[in-house]
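Structure, as structure tokens:
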Amino acid sequence: MKKTLQALLALRPKKKLNGEYLLSLGASILAALLVGAVIMLVSGHNPLEGYRAMLHGALGTQRNLGNTLAKSMTLCLTALAMAVAARAGIFNVGGEGQLYLGAIASALVGAALSGMTPWLVVPLCLLAAAAAGGLYAFVPAWLKVRLKVNEVITTIMLNSAAIYFCTFLANGPFKTDERGIASGTAQLDAEFMFPKLIKLSNLTSAIFIAAVLALLVWYVMQRTSVGFELKLTGQNPRFASYMGIKTGRLALVSMVVSGAICGLCGMFEVFGLHKRFVETVSSEFYFDGMLVAMIMRYDPLGIVLMSLFFGVLKIGAMGMETVGIPSETILIVESIIIFFMAAESGISRALREKRARRRARRQSEIMLEKGAGA
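Counting from 4, one number per residue, gives the positions in the sequence shown under the working numbering.
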């Protein structure tokens with residue numbers, strides 16, 4: 004666990020997204036895809052056929068495209084949740100638990116208001132999900148700001164507490180009495196569900212709410228004084244405090260907003276796919292989003308683009324199985340991308356030093372030639 008925490012902390016990017024970093028990212032993606040191709044060749048498969056199957060599995064039909072956009076939406080929201088907190092210098096690793104609490108809170112409110120108009124119920128469920136996630140995120144944020152307790156440790160521990168608590172509720176006091184349902188809350192009214200945008204896919208109208216959230220996060224972080232204060236607080240809290248910025252309050256607010264976004268993500272899963280709270284409402288969605296956010300150095304626009312790329316990889320991986328290539332190959336590709344980007348600063352520094360030595364050697368050779376000629 005200690006090594007895991009150290010690795011997570013080491014991935015905190017301290018620099019902004021720039022051209023050099025984007026070139027490194029592109030090279031890392033290319034290298035990862037080449038490694039994936041080598042693995043396919045060694046296992047007796049055609050890499051071109053494999054990647055063609057991946058693209059078809061992600062984008063080849065309307066249904067596949069819908070599933071890819073739905074997956075990208077989830078990745079984008081969880082990554083933006085991570086970015087909001089990280090911009091203020093607080094590391095929210097507890098988004099998975101906040102997602103679970105938002106999911107079950109919205110499911111219970113929706114079940115309790117069965118039969119009422121969806122124009123009232125759905126907004127109330129949205130508020131319940133955001134409140135559940137935000138309040139749960141407030142706990143580690145308060146401990147961090149007031150008592151200087153490491154938020155990485157507390158959020159990881161609170162993840163398990165939230166997931167087990169939600170599982171208990173779904174299997175205990177709020178378990179449905181419907182036949183054939185092993186665990187889960189009562190089914191929600193069909194009128195409450197987000198309508199499907201593409202039949203037989205997971206894409207629902209929740210993507211429009213997600214798009215508005217993404218736009219708001221981008222605007223606040225990139226175009227407002229609050230975003231500047233968040234950035235300054237994250238980069239140099241002592242200087243920010245000296246400048247009169249209330250760094251503690253900013254950290255609390257950013258963490259609550261991060262938790263609220265995670266809670267909404269859980270609500271979208273319930274009201275868009277499962278129609279009730281189930282134990283499998285998330286399969287570590289937040290941790291995938293964390294990786295997207297860290298790779299793109301918490302830049303909102305970069306997060307949107309990388310979420311689409313990872314969505315293609317994850318949904319397309321299932322298409323590769325149709326030609327006999329294990330979907331785990333894509334997991335290897337993702338891992339290699341993450342490895343290269345985690346080591347990017349060290350690799351870039353080594354390359355810069357190598358270029359500087361080569362330039363110094365060339366200049367010394369020129370000086371010696373001039374001296375000999377004189």
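Beta carbons: idealized from backbone N, C-alpha and C, even for Gly.
- Per DSSP, residue 205 is not a residue of any alpha helix (DSSP H), being assigned neither H nor E.
- In the three-state reduction of the DSSP assignment, residue 151 falls in the coil class.
- Beta-carbon to beta-carbon, residue 56 and residue 326 are separated by about 5 Å, close enough to satisfy the 8 Å threshold.
- Counting along the chain, the unbroken alpha helix (DSSP H) around residue 250 starts and ends at 250-272.
- Looking at the DSSP output, residue 199 bridges to 207.
- Out of 124, 361, 105, the CA that lies nearest to the CA of residue 191 is found in 124.
- No beta strand (DSSP E) of 3 residues or more sits fully in the segment 78-145.
- Per DSSP, the unbroken alpha helix (DSSP H) holding residue 238 starts and ends at 228-238.
- Residues 190, 191 of the same chain have their beta carbon placed closer than 6 Å to that of residue 278, with the five preceding and five following residues left out of the count.
- If you compare the alpha carbons of 99, 121, 147 with that of residue 135, the shortest gap goes to 99.
- When secondary structure is reduced to three states using DSSP, residue 281 falls in the coil class, being assigned neither helix nor strand.
- The segment 138-145 makes contact with the segment 257-268, as at least three CB pairs between them are under 8 Å.
- Straight-line measurement puts the Cα of residue 39 at about 36 Å from the Cα of residue 274.
- Of 183, 127, 85, 339, the smallest CA-CA separation from residue 32 is found for 339.
- Cβ-Cβ separation between residue 78 and residue 314: approximately 6 Å, consistent with a contact (criterion under 8 Å).
- The beta carbon of residue 43 is closer than 8 Å to those of 49, 50, 53, 328, 332 in its chain, skipping five residues each way along the sequence.
- Cβ neighbours of residue 62 within its own chain (closer than 6 Å, five residues either side excluded): 68.
- CA-CA distance, residue 148 to residue 256, rounds to 11 Å.
- Counting every other CB atom within 10 Å of its CB across the protein chains shown gives residue 70 a total of 16 or more, marking it as buried.
- Residue 300 counts as buried, since at least 16 other C-beta atoms from the protein chains shown sit within 10 angstroms of its C-beta.
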